[in-house]
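J.: Have a look at the structure that comes next, please.
Chains as they are written, first to last, in my numbering: chain S, 2 to 115; chain C, 375 to 487.
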């Protein structure tokens, strides 16, 4: 069964600290790994995505690290701010033709304390 | 550029009824995917439509169906509603499929009583 395991389930970080969320996948055919941010009452918003041909991708304060051999990838939020408080989902899917949809992790509820 | 629009935002239905949800994708996007979000199961893929054709379907019973129109707008139908169908239903649009950037709507909150 295709699964994406996400941890931790919840995370509390002080303002200015680094928030780290980890995901592990099973299907080695996955080759598209996005992260989504969701605020209460809103749909998920694409934050950043990576493909397995790179080990790291950075966009502003958000960085994805990817370890293909370990089948793991993680999201780092640098200088975390109260406005970053949200639920974060990792996902995995296939690039190229066709689509099975994205397989999502269960989510991490992140709270940034001022 | 307008985002993904889902209507209605909220719905309350009775067990046994059926419901139709609507999704208007971003202009120019040809792929629309539907997801069910619940606290227990998280986000689960329902199906994806591309150019009016269902390309793939997740592991949901046949009570869940959908379609896509020539203008890429999509509808999702759930028949014979069960209490367990209460969820946030999200649609996502992308240019060519879930392998590319997908943008989600705000969802339709369905409550079955």
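The C-beta atom is built at its ideal place from N, Cα and C for all residues, glycine as well.
1. Listed from N- to C-terminal order along the chain, which residues in the stretch 382 to 399 of chain C have their beta-carbon within a distance smaller than 7 angstroms of any beta-carbon of chain S?
2. Using a cut-off of 8 angstroms between C-beta atoms, extract the partners of residue 476/C located in chain S.
3. Any Cβ of chain S within less than 8 angstroms of the Cβ of residue 416/C?
4. At what residue ranges does the stretch 6 to 77 of chain S contain a whole run of the beta strand (DSSP E), taking only runs of 3 or more?
5. Against chain C, does residue 99/S count as a neighbour if the rule is that its beta carbon must be under 8 angstroms from one of theirs?
6. Hey, quick one: how far does the beta strand (DSSP E) through residue 423/C stretch, first residue to last?
7. Please check the pair residue 385/C and residue 482/C, which I expect to be a contact at CB under 8 angstroms, by giving their CB distance rounded to whole angstroms.
8. Hey, residue 89/S and residue 108/S are a contact pair by Cβ (cut 8 angstroms); roughly how many whole angstroms apart?
9. Any idea if residue 42/S is buried or exposed, counting beta-carbon neighbours within 10 angstroms, 16 or more meaning buried?
10. Quick one: is residue 407/C near chain S, going by C-beta distance under 8 angstroms?
11. Considering only the alpha carbon of each residue, which of 479/C, 485/C and 458/C lies closest to residue 38/S?
12. Using a Cβ cut-off of 7 angstroms, which residues of the stretch 62 to 96 of chain S contact any Cβ in chain C, in chain order?
13. For residue 428/C, go through chain S and note every residue whose CB falls closer than 8 angstroms to its CB, in chain order.
14. Are residue 67/S and residue 34/S touching if we call contact CB-CB under 8 angstroms?
15. Thinking just about the alpha-carbon of each residue, which of 69/S, 46/S and 85/S is nearest to the one in residue 56/S?
16. Does the distance from the C-beta atom of residue 412/C to that of residue 487/C stay below 8 angstroms?
17. For a contact defined as C-beta to C-beta under 7 angstroms, what are the partners of residue 481/C on chain S?
18. Along the chain, where does the beta strand (DSSP E) containing residue 485/C start, and where does it finish?
19. Which residues mark the beginning and the end of the beta strand (DSSP E) in which residue 448/C is found?
20. Starting from residue 546/C, trace the beta strand (DSSP E) in both directions and tell me its first and last residue.
21. In the structure shown, what three-state DSSP assignment does residue 502/C receive?
22. Is the Cβ-Cβ distance between residue 437/C and residue 460/C less than 8 angstroms?
T.: Reading from the atomic positions:
1. Result list empty, no residue passes.
2. Reading the second chain from its first residue, position 102 is the one you call residue 476/C. 35, 47 and 103, listed in chain order.
3. Numbered from its first residue, the second chain carries residue 416/C at position 42. It does: the Cβ of residue 416/C has a partner Cβ on chain S nearer than 8 angstroms.
4. 11 to 15, 20 to 26, 34 to 39, 46 to 51, 57 to 60 and 63 to 68
5. Position 98 of the first chain, counted from the start, is the residue given in the question as residue 99/S. With a pLDDT of only 49 at residue 99/S, under the threshold of 50, the placement of this residue in the model should not be trusted, and no figure is reported.
6. Position 49 of the second chain, counted from the first residue, corresponds to residue 423/C. Where residue 423/C is concerned, the enclosing beta strand (DSSP E) stretches over 416 to 424.
7. Within the second chain, numbered from 1, the residue matching residue 385/C stands at position 11. Within the second chain, numbered from 1, the residue matching residue 482/C stands at position 108. Confirmed, about 6 angstroms.
8. For the purposes of this step, residue 89/S is identified with residue 88 of the first chain, where counting begins at 1. For the purposes of this step, residue 108/S is identified with residue 107 of the first chain, where counting begins at 1. Contact holds; Cβ gap of about 7 angstroms.
9. In the first chain, residue 42/S corresponds to position 41, counting from 1. It counts as exposed.
10. Here residue 407/C refers to the residue found at position 33 of the second chain. Closer than 8 angstroms: yes.
11. Here residue 38/S is taken as the residue at index 37 of the first chain, counted from 1. Measuring from the Cα of residue 38/S, the nearest candidate turns out to be 479/C.
12. Taking 7 angstroms as the cut-off between beta carbons, the residues of the stretch 62 to 96 of chain S near chain C are 90, 94, 95 and 96, in sequence order.
13. Along the second chain, one-based indexing puts residue 428/C at 54. Ordered by position in chain S, no residue passes the 8 angstroms Cβ test against residue 428/C, which lies about 11 angstroms from the chain.
14. Start at 1 with the first residue of the first chain, and residue 67/S comes out as number 66. Start at 1 with the first residue of the first chain, and residue 34/S comes out as number 33. Taking 8 angstroms as the Cβ cut-off, residue 67/S and residue 34/S qualify as a contacting pair.
15. Locating residue 56/S in the first chain gives position 55, where the first residue counts as 1. Answer by Cα proximity: 69/S.
16. For this step, residue 412/C is matched to residue 38 along the second chain. For this step, residue 487/C is matched to residue 113 along the second chain. No, Cβ-Cβ distance for residue 412/C and residue 487/C is not below 8 angstroms.
17. Counted from its first residue, the second chain places residue 481/C at position 107. What residue 481/C touches in chain S: 44.
18. On the second chain, position 111 is the one that residue 485/C refers to. Residue 485/C -> beta strand (DSSP E) spans 482 to 486.
19. Working through the second chain from its first residue, we reach residue 448/C at position 74. That run of the beta strand (DSSP E) goes 448 to 452.
20. Chain C is shown from 375 up to 487; residue 546/C falls before or after that span and cannot be answered.
21. Because residue 502/C is not part of the residues shown, which for chain C are 375 to 487, the question remains open.
22. For the purposes of this step, residue 437/C is identified with residue 63 of the second chain, where counting begins at 1. For the purposes of this step, residue 460/C is identified with residue 86 of the second chain, where counting begins at 1. Not in contact: residue 437/C and residue 460/C (Cβ atoms no closer than 8 angstroms).
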